[in-house]
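First comes the structure, then the notes that go with it.
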Amino acid sequence: MGGVDVNVKNLEAEVLERLAEQAAAEGMSQQEWIRQALRRTAARMSPAELMAARAQQQPMTEREFEQLRAKAAARREAALERLGAPRRR
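If you want our numbering, it's the position in the sequence shown, counting the first as 1, plus 301.
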């Protein structure tokens with residue numbers, strides 16, 4: 302699909318200034334920065350989509366929770382060991 306022009310009206314000056322600052326900080330044009338921001342936004346689920354997806358899920362069982370908790374603790378310990386960080390008490 303080819304590109305489509307989009308015109309945004311009544312955008313607050315502060316928003317436009319902030320987008321320009323962000324684009325400059327990233328070393329890209331404001332147009333490219335806005336395109337990338339729109340791509341990032343489109344890639345995420347909307348709040349309504351998240352709620353609908355959540356409604357389809359079943360609650361985690363106690364056993365699944367404990368397994369997940371143990372896995373997270375093991376990963377944390379491994380990371381601390383790799384970093385040479387002191388262990389938690």
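All C-beta atoms in this analysis are idealised placements derived from N, C-alpha and C, irrespective of residue type, glycine included.
Since the model is a prediction, treat every value here as computed from it, not as a measurement.
Open item on the list: Is the beta carbon of Gln331 closer than 8 angstroms to that of Arg320?
Closed with: This sequence places Leu at residue 320; Arg is not what is there. Yes, the pair counts as a contact, with Cβ atoms nearer than the cut-off.
Open item on the list: Suppose you measure from the CA of Glu365 to the CA of Met352; what does that come to, to the nearest Å?
Closed with: Cα to Cα, the separation comes out at about 22 angstroms.
TODO: Just tell me which of Glu382, Leu339, Gly328 has its CA closest to the CA of Val309.
DONE: That would be Leu339, whose Cα lies nearest to the Cα of Val309.
Task: 7 angstroms Cβ shell around Gln323 - same chain, five flanking residues per side excluded - done: So the list reads Trp334, once near-sequence residues are dropped.
Task: Short Cβ contact (8 angstroms threshold) for Arg370 with Leu381 - done: With respect to the 8 angstroms criterion, Arg370 and Leu381 are not classified as neighbours on the basis of their beta carbons.
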